[in-house]
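Student: Using this note's numbering, read the sequence shown as starting at 216 and increasing by one per residue.
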Amino acid sequence: MEDAYARSVSEVLEFFAVDPTKGLTDLQVTQHAHSYGKNVLPQEKSTPFWKLVLKQFNDLLVKILIAAAFISFFLALANGETLLSAFIEPSVILMILAANAAVGVITETNAEKALEELRAYQADVATVLRNGCFSILPAADLVPGDIVEVSVGCKSPADMRMIEILSDHLRVDQAILTGESCSVEKELDATTATNAVYQDKTSILFSGTTVVAGRARAVVIGVGSNTAMGSIRDSMLMTEDEVTPLKKKLDEFGTFLAKIIAGICVLVWVVNIGHFSDPAHGGFLRGAIHYFKIAVALAVAAIPEGLPAVVTTCLALGTKRMARLNAIVRSLPSVETLGCTTVICSDKTGTLTTNMMSVSKICVLHSLNNGPMNSEYVVSGTTYAPEGFMFDSLGAQLEIPAQYPCLLHIAMCSALCNESVIQYNPDKRIYEKIGESTEVALRLLAEKIGLPGFDTMPSALNMLSKHERASYCNRYWESQFKKVSLLEFSRDRKMMSVLCNRKQMEIMFSKGAPESILSRCTNILCNDDGSTVPLSAHIRAQLEAKYNRFSRCMDVHISTLKLLMCQQFCRKRNS
216 MEDAYARSVS EVLEFFAVDP TKGLTDLQVT QHAHSYGKNV LPQEKSTPFW
266 KLVLKQFNDL LVKILIAAAF ISFFLALANG ETLLSAFIEP SVILMILAAN
316 AAVGVITETN AEKALEELRA YQADVATVLR NGCFSILPAA DLVPGDIVEV
366 SVGCKSPADM RMIEILSDHL RVDQAILTGE SCSVEKELDA TTATNAVYQD
416 KTSILFSGTT VVAGRARAVV IGVGSNTAMG SIRDSMLMTE DEVTPLKKKL
466 DEFGTFLAKI IAGICVLVWV VNIGHFSDPA HGGFLRGAIH YFKIAVALAV
516 AAIPEGLPAV VTTCLALGTK RMARLNAIVR SLPSVETLGC TTVICSDKTG
566 TLTTNMMSVS KICVLHSLNN GPMNSEYVVS GTTYAPEGFM FDSLGAQLEI
616 PAQYPCLLHI AMCSALCNES VIQYNPDKRI YEKIGESTEV ALRLLAEKIG
666 LPGFDTMPSA LNMLSKHERA SYCNRYWESQ FKKVSLLEFS RDRKMMSVLC
716 NRKQMEIMFS KGAPESILSR CTNILCNDDG STVPLSAHIR AQLEAKYNRF
766 SRCMDVHIST LKLLMCQQFC RKRNS
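(1) Beta carbon of Asp379, beta carbon of Ala431: below 8 angstroms?
(2) In the structure shown, what three-state DSSP assignment does His581 receive?
(3) Under a three-way DSSP split, which group does Asn640 fall into?
(4) Since Thr737 is in the alpha helix (DSSP H), which residue starts that stretch and which ends it?
(5) Roughly how many angstroms lie between the CA atoms of Thr791 and Ile436, to the nearest whole one?
(6) Report the rounded CA-to-CA distance for Val387 versus Ser686, giving the unit in angstroms.
(7) If you count every other CB in all the chains shown that lies within 10 Å of the CB of Ala428, and 16 or more means buried, which is it?
(8) In the DSSP output, what is Val594 paired with across the bridge?
(9) How far does the beta strand (DSSP E) with Leu716 in it extend, from its first residue to its last?
(10) If Glu654 sits next to Glu634, beta carbons under 8 angstroms apart, how far is it from one beta carbon to the other, in whole angstroms?
(11) I want to know whether the segment 512–519 touches the segment 486–497 - three or more CB-CB distances under 8 angstroms.
(12) Could you give the uninterrupted runs of the beta strand (DSSP E) lying entirely in the segment 430–499, keeping only those of 3 residues or more?
(13) Using 8 angstroms as the Cβ pair cut-off and three pairs as the minimum, do the segment 716–725 and the segment 744–760 touch?
(14) Report buried or exposed for Lys370, applying the criterion of at least 16 other Cβ atoms within 10 angstroms of its Cβ.
(15) I'd like to know whether the C-beta of Arg690 is nearer than 8 angstroms to at least one C-beta of chain B.
(16) With a threshold of 6 angstroms on Cβ separation, who are the neighbours of Val318 within its own chain once the five nearest residues in sequence on each side are excluded?
(17) Output needed for Ile175: all residues of its chain with C-beta closer than 6 angstroms, excluding positions within five of it in sequence on either side, in chain order.
(18) Counting along the chain, where does the beta strand (DSSP E) carrying Thr747 start and finish?
(19) Could you name the residues of the same chain whose beta carbon sits closer than 7 angstroms to that of Thr509, not counting the 5 residues immediately before and after it, in chain order?
(20) Per DSSP, what kind of secondary structure is His384 in: helix, strand or coil?
(21) For the alpha helix (DSSP H) holding Ser350, just list the boundary residues, first then last.
(22) Helix, strand or coil, according to DSSP, for Thr262 in the structure here?
(23) So the candidates are Leu267, Leu275, Phe606, Asn716; which of them puts its Cα closest to the Cα of Ser694?
(24) Compare the Cα-Cα distances from Val227 to each of Asn589, Leu403, Phe704, Asp449 and report the closest residue.
(25) Is it right to say Glu651 is buried, meaning 16 or more other beta carbons lie within 10 angstroms of its own, or is it exposed?
(26) Between Ala405 and Leu420, which are expected to be in contact by the criterion C-beta below 8 angstroms, what is the C-beta distance as a whole number of angstroms?
(27) Please classify Trp692 as buried or exposed, where buried requires at least 16 other C-beta atoms within 10 Å of its C-beta.
(28) In three-state DSSP terms, what is Asn789?
(29) Would the beta-carbon of Val636 fall within 8 angstroms of that of Ile649?
(30) Could you tell me whether the segment 346–363 touches the segment 248–260, using the rule of 3 or more Cβ pairs below 8 angstroms?
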């Protein structure tokens, strides 16, 4: 169903003849599976190994070298030469060409394997409603019309039209599809835009995208190749190979060199026709063969046999460096094409950037009396690994960041007012996120700030396993406070709040847009002694001036609440 985004929920359900409270029946599942196929991306037919090998020799210069090597071998055998010295030159040429082919085959084989990683974006299982009961099934068994429930951390197992949002809102990270650096809020309403692109289809959950906030139910509208992920794969397969600038230049050089060498060889052989009958050669035929060998020797000497190997090695090194940055190069000469490009029209997220959000700067009120009013800290580390250091405005590294009152409270709020998860993937050997990128960045900040009262915190953290280290500091703060209620982020409030209890004290932690937080604040914490002072208009102006120079800003807020205010908060949350 290609226009499900423009149809109402009832129209989509009617099209697939499915009851949203019961799901498909077994008979319907069988019928839909026969009509629409399985929910898997068809495997691309890999290039046979022998074709990859032959492809490495499909070059005029390489063909000339092969011909010269075999002619040298033939002449050496024809003359009855048995010394190894007669076979050194052709053997070296063939060894260089074999090494050149091996590098090319290995590089292109790795690239083809990397393309199969597109399958990794597909979900493995899904929570499906069938015959009135929810069950967890392999994603490959889904068919159009299935009712699927998704929540935070779930990958969409297929293209689906939302039919019900079970939380205040639903946000999805679809950067792998559209390149959007921020998560997208999904809605139930149909899209009226003509020629709608992926970004316009706010009622559709695309295959491979991840839910970062909320919970919802949706009906499957496309499986396998008939999904957004399937269209990406199809476009990759339909890409035509074009001759690169480097390939053109090498072919031109090979053609020119072949003509020159052939002309010189013929000229040398023709000029010496009169010497064929020289008695020293033992006959006219032997003389002709002797000067033919000289002509071949000139040809071999004139050919730069190291050129193909040097070119392939340089391109392979470039490919290896690009692979470290997750760039897949299927054809070696494409590396040079990128090098001679003057203008690149490229997606930003995940291409020019890593699509891993992190906190880079912190601005706090230092003191009203001693030294500068504001303090800025720089935070290192740009991945999801809980590793990094903090530096003051002079560039000095903070040994124990948690000893500073403002940083300690920021870490506390970042850990508690947060619904994301950081986990270590032992298979990929990387740290991964579940949830909003902004919240993950704050979780990482809490890890980098550390915990109070531990003078040996950095060395102690290094002794933990990667799985334990992923959220060690965050788990500490969560063990110190009991979460009572949560008020999710909304467009109106532009902030998220969580009510916690600790030692019979009710504390609210909030984070959000600076203008929303500052408008609700009356006091501010000083970083030098931990005291609170009134948030005057002058301090507010100083902070706003700092925010205007930052890339993407967020404020945190902590307040203690009385019992009556807590009851009002919980009633508002429950309503």
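By construction, the Cβ of each residue, glycine as well, lies at the ideal position given by its N, Cα and C atoms.
Tutor: So, to answer that:
(1) Numbered from 1 along the sequence shown, position 164 holds the residue referred to as residue 379. Numbered from 1 along the sequence shown, position 216 holds the residue referred to as residue 431. The question names Asp, but residue 379 is Glu in the sequence shown. Cβ atoms of Glu379 and Ala431: closer than 8 angstroms.
(2) Taking the sequence shown and counting its residues from 1, one reaches residue 581 at position 366. Note: His581 maps to coil in three-state DSSP.
(3) Translated into positions along the sequence shown, residue 640 becomes position 425. Note: Asn640 maps to strand in three-state DSSP.
(4) For the purposes of this step, residue 737 is taken as residue 522 along the sequence shown, with counting starting at 1. Segment: none, Thr737 is in no alpha helix (DSSP H) and carries neither H nor E.
(5) This structure leaves residue 791 out entirely; the chain is present only between 216 and 790.
(6) The sequence position of residue 387 within the sequence shown is 172, counting from 1. The sequence position of residue 686 within the sequence shown is 471, counting from 1. Their Cα atoms are separated by approximately 23 angstroms.
(7) Stepping through the sequence shown from its first residue, residue 428 is reached at position 213. The residue is buried, with at least 16 neighbouring Cβ atoms inside 10 Å.
(8) Within the sequence shown, residue 594 is the residue found at index 379, counting from 1. Beta-bridge pairing links Val594 to Met605.
(9) The residue you call residue 716 lines up with position 501 of the sequence shown. The sequence as given places Asn at residue 716; Leu does not occur at that position. Residues 710–717.
(10) As a first step, residue 654 is located in the sequence shown; it is residue number 439 there, counting from the start. As a first step, residue 634 is located in the sequence shown; it is residue number 419 there, counting from the start. At roughly 6 angstroms, the Cβ-Cβ gap stays under 8 angstroms, so Glu654 and Glu634 are in contact.
(11) no
(12) 431–437
(13) no
(14) What you label residue 370 is simply residue 155 of the sequence shown in a count that begins at 1. With 16 or more Cβ atoms within 10 Å of its Cβ, Lys370 is classed as buried.
(15) Reference to chain B is not applicable here, since this structure consists of a single protein chain.
(16) Mapped onto the sequence shown, residue 318 falls at position 103. Closer than 6 angstroms at Cβ, skipping near neighbours: Thr527, Ala531.
(17) Given that the chain is displayed from residue 216 to residue 790, the structure contains no residue 175 and the question cannot be resolved.
(18) In the sequence shown, residue 747 corresponds to position 532, counting from 1. Run containing Thr747: 747–749, per the beta strand (DSSP E) assignment.
(19) In the sequence shown, counting from the first residue as 1, residue 509 sits at position 294. The residue you asked about is not Thr; residue 509 is Ile in the sequence shown. Val483.
(20) Here residue 384 corresponds to residue number 169 of the sequence shown, with the count starting at 1. Coil, per DSSP.
(21) By 1-based counting over the sequence shown, the position of residue 350 is 135. Careful: Ser350 lies outside any alpha helix (DSSP H), inside the beta strand (DSSP E) at 348–353.
(22) By one-based count along the sequence shown, residue 262 stands at place 47. Looking at Thr262 - three-state DSSP - the assignment turns out to be coil, as it is neither helix nor strand.
(23) Translated into the one-based positions of the sequence shown, residue 694 becomes position 479. Nearest C-alpha to Ser694: Asn716.
(24) For the purposes of this step, residue 227 is identified with residue 12 of the sequence shown, where counting begins at 1. Ranking the options by Cα distance to Val227, first place goes to Leu403.
(25) Numbered from 1 along the sequence shown, position 436 holds the residue referred to as residue 651. That one is buried.
(26) As a working note, residue 405 is residue 190 in the sequence shown. As a working note, residue 420 is residue 205 in the sequence shown. Actually they are not in contact, since the Cβ atoms of Ala405 and Leu420 sit about 15 angstroms apart, beyond 8 angstroms.
(27) As a working note, residue 692 is residue 477 in the sequence shown. Looking at its Cβ environment, which holds 16 or more other Cβ atoms inside 10 Å, Trp692 is buried.
(28) As a working mapping, residue 789 is identified with position 574 in the sequence shown. For Asn789, the predicted model reports a pLDDT of 47, less than 50, meaning its position is unreliable; a value from the coordinates is still stated below. Three-state result, Asn789: helix.
(29) Taking the first residue of the sequence shown as 1, we reach residue 636 at position 421. Taking the first residue of the sequence shown as 1, we reach residue 649 at position 434. In this structure, Ile649 lies closer than 8 angstroms to Val636 by Cβ.
(30) yes
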